[in-house]
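Chemist:
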Amino acid sequence: DAGVIQSPRHEVTEMGQEVTLRCKPISGHNSLFWYRQTMMRGLELLIYFNNNVPIDDSGMPEDRFSAKMPNASFSTLKIQPSEPRDSAVYFCASSLSGLKEQYFGPGTRLTVT
Amino acid sequence: DQQVKQNSPSLSVQEGRISILNCDYTNSMFDYFLWYKKYPAEGPTFLISISSIKDKNEDGRFTVFLNKSAKHLSLHIVPSQPGDSAVYFCAALATSGTYKYIFGTGTRLKVLA
Chain A
10 DAGVIQSPRH EVTEMGQEVT LRCKPISGHN SLFWYRQTMM RGLELLIYFN NNVPIDDSGM
70 PEDRFSAKMP NASFSTLKIQ PSEPRDSAVY FCASSLSGLK EQYFGPGTRL TVT
Chain B
2 DQQVKQNSPS LSVQEGRISI LNCDYTNSMF DYFLWYKKYP AEGPTFLISI SSIKDKNEDG
62 RFTVFLNKSA KHLSLHIVPS QPGDSAVYFC AALATSGTYK YIFGTGTRLK VLA
């Protein structure tokens, strides 16, 4: 199994630009999570999907952030417009509902200048 | 407000000795706890977990202890090996709700050869 796949691995963009992060969960997993890691706050859950439906988006920082899951094998996290304070590592994770362990992708390091 | 706290940002231990990583939580609804290990440029990987009905769970060199009255858990690594050098995150969730992890900010463990 290839595990959770994220792209791109690194993204450098200028303030005000749109950024799209992509995630392919493990085949057969029906829960998908987007996290953001910063030094100050550690790993924060941004949004959680179950069977492609957003269940909890209370962690999405503001309207500039949006996430979609059009099918069971693909999800995107979009930031528009991006700001320097969005610079962080963004992780996608997937799991089987009812199983508590989540499997993380390698992350996307976003730098907004 | 941090519901899950790892108050030691870093820890250094000599190879062969015991490493003890600590985690405190505030929400009494949490009933399942996990430890994840993270190497640089990789996503976190699941290490060990414990349900609140237990006070100890062991897997090889790794043991997690849970003290519910103190709302405290710890991860013991014995003996510590240089390959254990990583950032360790504890996570908590309330299984009666959604599978939403709350992560601590992590402890960086360095095992000295």
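Chain order of the listed sequences is A and B.
Heads up, the first sequence is in the working numbering, so the first residue is 10 and it goes up one at a time.
Heads up, the second sequence is in the working numbering, so the first residue is 2 and it goes up one at a time.
All residues carry an ideal CB built from backbone N, CA and C; glycine is no exception.
Treat the numbers as computed from the prediction; the structure is a model and nothing was measured.
1) Along chain B, in chain order, which residues have C-beta atoms closer than 9 Å to that of A/L86?
2) For B/A71, list the residues DSSP reports as bridge partners.
3) Can you list, in chain order, the residues of its chain whose CB lies under 8 Å from that of A/E53, leaving out five sequence neighbours each side?
4) Using the C-alpha atoms, what's the distance from B/P80 back to B/L48?
5) Buried or exposed for B/K55, going by 16 or more other Cβ atoms inside 10 Å?
6) Count the other CB atoms within 10 Å of the CB of A/D95; is the residue buried (16 or more) or exposed (fewer)?
7) Starting from A/N59, trace the beta strand (DSSP E) in both directions and tell me its first and last residue.
8) On a CA-only basis, which of A/I35, A/P63, A/P70 and A/G25 is nearest B/K101? Give me that one, please.
9) Give the residues of chain A in contact with B/F104, contact being defined as C-beta atoms less than 7 Å apart.
10) Going by C-alpha distance, which of B/F104, B/T64, B/L110 and B/A42 is nearest A/G51?
11) Does the beta-carbon of B/K57 have 16 or more other beta-carbons within 10 angstroms, so that it is buried, or is it exposed?
12) Any residues in the stretch 60–72 of chain B with a beta carbon nearer than 8 Å to a beta carbon of chain E? Which ones, in chain order?
Modeler: Based on what the coordinates show:
1) Position 77 of the first sequence holds residue 86 of chain A. What A/L86 touches in chain B: nothing, since even the nearest Cβ is about 15 Å away.
2) In the second sequence, the residue the question calls residue 71 of chain B occupies position 70. Residue pairing of B/A71 in beta bridges, as defined by DSSP: absent, with no partner found.
3) Sequence index remark: in the first sequence, residue 53 of chain A carries index 44 (1-based). Correct list, in chain order: Y44, R45, Q46, T47 and G68.
4) If you number the second sequence from 1, residue 48 of chain B lands on position 47. If you number the second sequence from 1, residue 80 of chain B lands on position 79. C-alpha separation (whole angstroms): 16 Å.
5) For this step, residue 55 of chain B is matched to residue 54 along the second sequence. That one is exposed.
6) Along the first sequence, read from residue 1 onward, the residue named residue 95 of chain A stands at position 86. Answer is buried; the Cβ neighbour count reaches 16.
7) Looking up residue 59 of chain A in the first sequence gives position 50. In this chain, the beta strand (DSSP E) harbouring A/N59 covers G51 to N59.
8) In the second sequence, the residue the question calls residue 101 of chain B occupies position 100. It is A/P63.
9) For the purposes of this step, residue 104 of chain B is taken as residue 103 along the second sequence, with counting starting at 1. Within 7 Å Cβ-Cβ: G51 and L52.
10) Reading the first sequence from its first residue, position 42 is the one you call residue 51 of chain A. Comparing C-alpha distances from A/G51 to each of B/F104, B/T64, B/L110 and B/A42 shows the shortest one belongs to B/F104.
11) As a working note, residue 57 of chain B is residue 56 in the second sequence. Exposed, by the Cβ-count rule.
12) The structure shown has no chain E; the protein chains it does contain are A and B.
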